[in-house]
Ligand code: B12
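Numbering (the working numbering), first residue to last: 205 to 427.
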């Protein structure tokens, strides 16, 4: 089978929530020689399409849940391929990642975490529904230099500002580079809340983390 056909099969499998066909198609694509990021783009595309169907009430939460399981299963295959090249690399910086309080959308955050790891960052994943104070506490606990926050909902994106405000109150804001992302987040929002950077997808998140690292200083605004 050719790459195009298998890609279509992968996207179909994710949308249908097929936990066997999804990973099988992901594996087949890697065997055909595509880059792992090609597969993650296809996975994201399928989810975005499902999101639009959800908005039109063509599919419902249970459909999203089975699709999430299929996405996770396919991601395990891609993760193994992504992390294969990681071993032996010099560690870059330490990043804590998490989905903000009130939000349980984990797929994008997981993708960002894996790709940062694959690029040589040490990543501590705080999971989902992470309380505002926990971000600040974990940054200290893991001696992080970067805090990466994800939010998928307009109703939860405000928690990102709460975390930054808390760091300011604690007089610790300058110690960390703060990255934000997720479907409703924009560069303008990132600027408004005083984050150091925003990226639209996982590959851009990695590029951003490297840019912030190369800027040679802790947080406080990307120059
Ligand atoms: C799958 C899904 C779910 C699943 C989540 C399962 C899971 N474990 O993640 C389930 C079924 C649980 C769910 C529940 C709900 N959902 Co929902 N969900 C989605 C859906 C369809 C896809 C999200 C996704 O996984 N995308 C794929 C990933 C790979 O993409 P991504 O998350 O955008 O991440 C990429 C980038 O954004 C970026 N990125 C992400 N994080 C970060 C972080 C940093 C630092 C950086 C730099 C970049 C970055 O890189 C990622 C990779 O490229 C979206 C639709 C959409 N358009 O996003 C709705 C959506 C987010 N959900 C929505 C809603 C309303 C809900 C519910 C309230 C539904 C309900 N009635 O119960 C609940 C809320 C639960 C809660 N409290 O969080 C709305 C939100 C609307 C809003 N208010 O803004 C959306 C937009 C759907 C819609 N069009 O209405 N959902």
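From the three backbone atoms N, C-alpha and C, an ideal C-beta is built for every residue, glycine too.
Burial is judged here by how many other beta carbons sit within 10 angstroms of a residue's own beta carbon; residue 215 has at least 16 and is buried.
Residue environment for residue 265: exposed (fewer than 16 other C-beta atoms within 10 angstroms of its C-beta). Assignment of beta-bridge partners to residue 329 by DSSP yields 301. Looking only at 246, 205, 304, 237, the smallest Cα-Cα distance to residue 218 is reached by 246. Residue 211 and residue 411 have their C-alpha atoms some 25 angstroms from each other. Here residue 362 carries a helix assignment [DSSP, helix/strand/coil]. Under DSSP, no beta-bridge partner is assigned to residue 251. Counting C-beta atoms within 10 angstroms of its own C-beta, residue 418 has fewer than 16 neighbours from the protein chains shown and is therefore classed as exposed.
Put simply, the backbone Cα of residue 397 is about 11 angstroms away from that of residue 389. Secondary structure of residue 397 (DSSP, three-state): helix. Across the set 380, 416, 349, 319, the C-alpha of 319 shows the shortest separation from the C-alpha of residue 284.
Between the alpha carbons of residue 239 and residue 338 lies a distance of about 35 angstroms.
In this structure, the C-beta of residue 319 stays at least 6 angstroms away from each heavy atom of the ligand B12. Using a Cβ-Cβ distance cut-off of 8 angstroms, the stretch 266-280 and the stretch 339-348 are not in contact, since fewer than three pairs of beta carbons, one from each stretch, lie closer than that value.
In the DSSP assignment, residue 350 is bridged to 299, 381.
The beta carbon of residue 328 sits closer than 6 angstroms to those of 300, 346, all from its chain and outside the five residues before and after it, given in chain order.
Two segments are said to touch when three or more pairs of C-beta atoms, one from each, lie closer than 8 angstroms; by this definition the stretch 362-374 does not touch the stretch 400-416. Cβ-Cβ separation between residue 353 and residue 302: approximately 6 angstroms, consistent with a contact (criterion under 8 angstroms).
For residue 417, the Cβ stays outside the 6 angstroms cut-off from all heavy atoms of the ligand B12. Rounded to whole angstroms, the gap between the alpha carbons of residue 322 and residue 261 is 37 angstroms. With distances taken between CA atoms, residue 413 lies nearest to 296 out of 296, 378, 342.
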